[in-house]
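Peer 1:
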Amino acid sequence: MKKNIHLALMVVVVLLCSCVNDEMPEQEARMVKHTISLTMPYDVQDPKPSNVRAELTNIQTKKTYEATHFKMSGGMLTDEISLPEGLYSVKVDGNLTYKMEIVDPTKKTNKKNAVKTRTLKATLKATRENVRIKASDSVEDTRLALNVYSANEGFLITEIYFTGSTTPDGYMYTDDQYIKFGNNSDTVMYADGLAFIETFFTSDDLHDYQPNIMDKAMTIVTIYVIPGSGKDVPVKPGEEITIAITAEDHTLINPNSIDLSKADFEIYDSCTHPEGDHDVPGVPNLDNWYGGFEGCFVFHTRGVKSYGIARPMVDKKTYMTQFRYHFGYIFRQGDFVVPMNEYEYYMPNEWVLDAVNLSVPAAHEWLLTSPRLDKGYTYCGHVDFDETRYTHAVIRKRVGHKYVEESAIINNVPGTWMVDQNFGEKGKWIDTNNSTEDFVPNAQPSYFAKKLRNL
Numbered sequence: 056m057k058k059n060i061h062l063a064l065m066v067v068v069v070l071l072c073s074c075v076n077d078e079m080p081e082q083e084a085r086m087v088k089h090t091i092s093l094t095m096p097y098d099v100q101d102p103k104p105s106n107v108r109a110e111l112t113n114i115q116t117k118k119t120y121e122a123t124h125f126k127m128s129g130g131m132l133t134d135e136i137s138l139p140e141g142l143y144s145v146k147v148d149g150n151l152t153y154k155m156e157i158v159d160p161t162k163k164t165n166k167k168n169a170v171k172t173r174t175l176k177a178t179l180k181a182t183r184e185n186v187r188i189k190a191s192d193s194v195e196d197t198r199l200a201l202n203v204y205s206a207n208e209g210f211l212i213t214e215i216y217f218t219g220s221t222t223p224d225g226y227m228y229t230d231d232q233y234i235k236f237g238n239n240s241d242t243v244m245y246a247d248g249l250a251f252i253e254t255f256f257t258s259d260d261l262h263d264y265q266p267n268i269m270d271k272a273m274t275i276v277t278i279y280v281i282p283g284s285g286k287d288v289p290v291k292p293g294e295e296i297t298i299a300i301t302a303e304d305h306t307l308i309n310p311n312s313i314d315l316s317k318a319d320f321e322i323y324d325s326c327t328h329p330e331g332d333h334d335v336p337g338v339p340n341l342d343n344w345y346g347g348f349e350g351c352f353v354f355h356t357r358g359v360k361s362y363g364i365a366r367p368m369v370d371k372k373t374y375m376t377q378f379r380y381h382f383g384y385i386f387r388q389g390d391f392v393v394p395m396n397e398y399e400y401y402m403p404n405e406w407v408l409d410a411v412n413l414s415v416p417a418a419h420e421w422l423l424t425s426p427r428l429d430k431g432y433t434y435c436g437h438v439d440f441d442e443t444r445y446t447h448a449v450i451r452k453r454v455g456h457k458y459v460e461e462s463a464i465i466n467n468v469p470g471t472w473m474v475d476q477n478f479g480e481k482g483k484w485i486d487t488n489n490s491t492e493d494f495v496p497n498a499q500p501s502y503f504a505k506k507l508r509n510l
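Numbering of the sequence shown is given in this note's numbering, commencing with residue 56 and proceeding in unit increments.
1. So Y432 and S316 are supposed to be a Cβ contact under 8 angstroms. How far apart are they, rounded?
2. Please state whether DSSP places T257 in a helix, a strand or coil.
3. Starting from F494, follow its DSSP beta bridges and name the residues at the other end.
4. Confirm, please, whether the CB-CB distance from V147 to A109 is below 8 angstroms.
5. Measure the beta-carbon distance from T90 to E135 and round it to whole angstroms, keeping in mind my assumption that it falls under 8 angstroms.
6. From the DSSP output, read off the bridge partner residues of N238.
7. Which same chain residues, not among the five before or five after K118, have their C-beta less than 7 angstroms away from its C-beta?
8. Report yes or no: do the region 448-464 and the region 487-495 share at least 3 C-beta pairs separated by less than 8 angstroms?
9. Who are the near neighbours of M244 in its chain, counting only those whose CB is closer than 7 angstroms to its CB and skipping five residues on each side?
10. How long is the line joining the alpha carbons of T424 and V415, rounded to whole angstroms?
11. Quick check on the DSSP output: the beta strand (DSSP E) that includes K88 runs from which residue to which?
12. Note down, in chain order, each residue of its chain lying with its Cβ closer than 7 angstroms to the Cβ of P403, except the 5 sequence neighbours on either side.
13. Only counting runs of 3 or more residues, tell me where the beta strand (DSSP E) segments fall wholly within the region 241-312, in order along the chain.
14. Less than 8 angstroms between the beta carbons of A417 and L428, yes or no?
15. Counting pairs of beta carbons, one from the region 302-313 and one from the region 216-231, are three or more of them closer than 8 angstroms?
16. Does the Cβ-Cβ distance between V335 and T301 come in under 8 angstroms?
17. On the CB-based measure, 16 or more other CB atoms within 10 Å of its CB, does N467 come out buried or exposed?
18. Who does E121 pair with in a DSSP beta bridge?
19. Could you please give me the residues that DSSP links to Q388 through a beta bridge?
20. If you compare alpha carbons, which of T172, K171, S193, R198 is closest to E184?
21. For the beta strand (DSSP E) that contains Y362, what are its first and last residues?
22. CA-CA distance, K103 and T306?
23. Do G383 and M375 have their C-beta atoms within less than 8 angstroms of each other?
24. Assuming L111 contacts G149 under a Cβ cut-off of 8 angstroms, what Cβ separation, rounded to an integer in Å, is found between them?
25. Is T443 near G470, with beta carbons less than 8 angstroms apart?
26. Starting from A504, trace the alpha helix (DSSP H) in both directions and tell me its first and last residue.
27. If we ignore side chains and look at the alpha-carbon of each, how far apart do I268 and Y401 end up?
28. Once the 5 residues before and after N477 are set aside, which same chain residues still bring their CB inside 8 angstroms of it?
29. Going by the beta-carbon positions, is the gap between T94 and M127 smaller than 8 angstroms?
30. Buried or exposed: where does N76 fall if 16 or more other Cβ atoms within 10 Å of its Cβ makes it buried?
31. Are the beta-carbon atoms of L413 and K360 separated by less than 8 angstroms?
32. Tell me whether the beta-carbon of N343 lies closer than 8 angstroms to the beta-carbon of D324.
33. Can you tell me whether K286 is buried or exposed? The criterion is at least 16 other CB atoms within 10 Å of its CB, across all chains shown.
34. So, helix, strand or coil for K483, using DSSP?
35. With respect to the alpha helix (DSSP H) encompassing K317, which residues constitute its N-terminal and C-terminal limits?
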């Protein structure tokens with residue numbers, strides 16, 4: 056009997072303790088003062104930040120706190136914020152103006168090369184995860200390094216089909232070339248105003264170009280801009296847009312080719328070439344920003360150029376008149392030596408969203424971009440003028456996809472190409488700013504994959 060009484064008393068005590076615990080409020084986290092310190096980008100001249108905002112999100116409660124009153128102190132931007140102790144993710148954004156100096160060797164002042172100074176605009180960004188903020192005898196500090204980036208950083212070059220195909224008679228056919236841009240973010244992004252650019256230099260021909268501005272900009276010979284007012288060209292997460300040289304069904308002309316009639320855009324040039332260029336009705340054209348261009352654009356079929364997506368932070372007129380690059384070099388071929396002077400356009404590296412270097416492994420001499428844009432290169436064909444390169448592309452790898460070399464009859468000739476075993480499936484594109492690692496070389500072009508699968 057006593058045992059039963061003792062047991063009943065224990066149950067009552069446990070229940071009472073449980074009720075007391077349920078009714079006790081959770082202890083609130085202590086409020087603390089914390090300093091956010093931001094270092095300026097190391098590779099820009101005379102930076103002037105504005106509208107800088109830091110957002111701190113408490114990982115447990117999901118509540119957000121903002122720091123918006125940053126001031127320059129000791130070469131850093133700092134702001135102090137009050138918030139509860141806890142674990143936070145930090146996201147910083149803002150605007151930046153900075154200066155870029157370009158030396159013009161064709162114009163001299165007091166026997167020295169003239170220097171052009173441009174004031175440019177860019178966007179700032181910094182992030183950090185798992186920042187522990189806790190009470191201390193002094194105000195603690197979290198430091199982040201700011202980087203410049205484009206507001207449309209989610210766009211990547213996902214495929215370049217530059218080799219073209221061949222006709223049944225064995226002639227080269229380049230009208231079916233195309234390039235794809237993909238949205239690698241988790242939100243809808245707009246492609247209006249994005250520029251497709253191509254380098255002036257080639258990766259198989261290195262000279263001592265002076266002044267050398269590669270650490271500041273890409274030297275380009277091609278720039279076409281996607282039209283739109285800001286939200287006319289939405290691209291959903293994981294989806295792509297296709298820019299074709301000519302957006303038509305090429306199988307009607309060349310049975311070895313593909314149907315590009317559903318491409319999103321085409322590159323049309325009102326050129327002086329006797330054969331001209333074909334403007335397909337109903338397909339929007341890109342806007343050519345290269346002043347005085349009178350030719351018809353085609354991709355270099357050997358793959359010795361580099362390509363990029365950029366977001367020009369100025370209007371067309373300003374770009375065409377103020378972003379020219381004078382440079383010189385000595386051309387040597389045997390005993391033939393001649394000084395050369397060139398006058399091209401440049402695209403600031405801070406405006407470049409993505410860049411892809413192409414080269415021929417057996418003829419590679421140098422990379423055409425700053426390593427911060429692309430540290431490697433990709434290719435189709437292994438030797439110069441490789442006859443097996445046609446009807447191949449370079450394709451950006453996706454997470455979870457497997458790529459296998461398969462034998463195939465390509466342009467009526469036995470050959471091989473790298474085939475995506477997960478074709479049609481989604482997955483994040485891989486982007487480490489190293490095309491050697493990020494791309495599948497000698498790949499089966501996606502439009503040929505669709506053709507072979509009757510898609």
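Every residue, glycine too, gets a C-beta built ideally from N, C-alpha and C.
Peer 2: Quick answer:
1. In fact, because the Cβ distance is near 32 angstroms, the residues do not count as touching under 8 angstroms.
2. The three-state secondary structure of T257, taken from DSSP, is coil.
3. R451
4. yes
5. 5 angstroms
6. F210
7. none
8. yes
9. N207, G209, F210, N238, V290, listed in sequence order.
10. 16 angstroms
11. 86-94
12. The beta carbon of P403 sits closer than 7 angstroms to those of M155, L175, K271, A272, all from its chain and outside the five residues before and after it, given in chain order.
13. 250-254, 272-280, 295-299
14. No, Cβ-Cβ distance for A417 and L428 is not below 8 angstroms.
15. yes
16. yes
17. exposed
18. E110
19. F391
20. The option with the nearest alpha carbon to E184 is R198.
21. Run containing Y362: 361-365, per the beta strand (DSSP E) assignment.
22. 54 angstroms
23. Their beta carbons are not under 8 angstroms apart, which means G383 does not touch M375 by this criterion.
24. Not confirmed; about 15 angstroms, so no contact.
25. yes
26. 501-507
27. 9 angstroms
28. R453, G455, H456, K457
29. no
30. Low per-residue confidence applies at N76: pLDDT is 49, beneath 50, and the placement is therefore not dependable enough to give any value.
31. yes
32. yes
33. exposed
34. DSSP places K483 in coil when its eight states are reduced to three.
35. First-last for K317: undefined, no H or E at that position.
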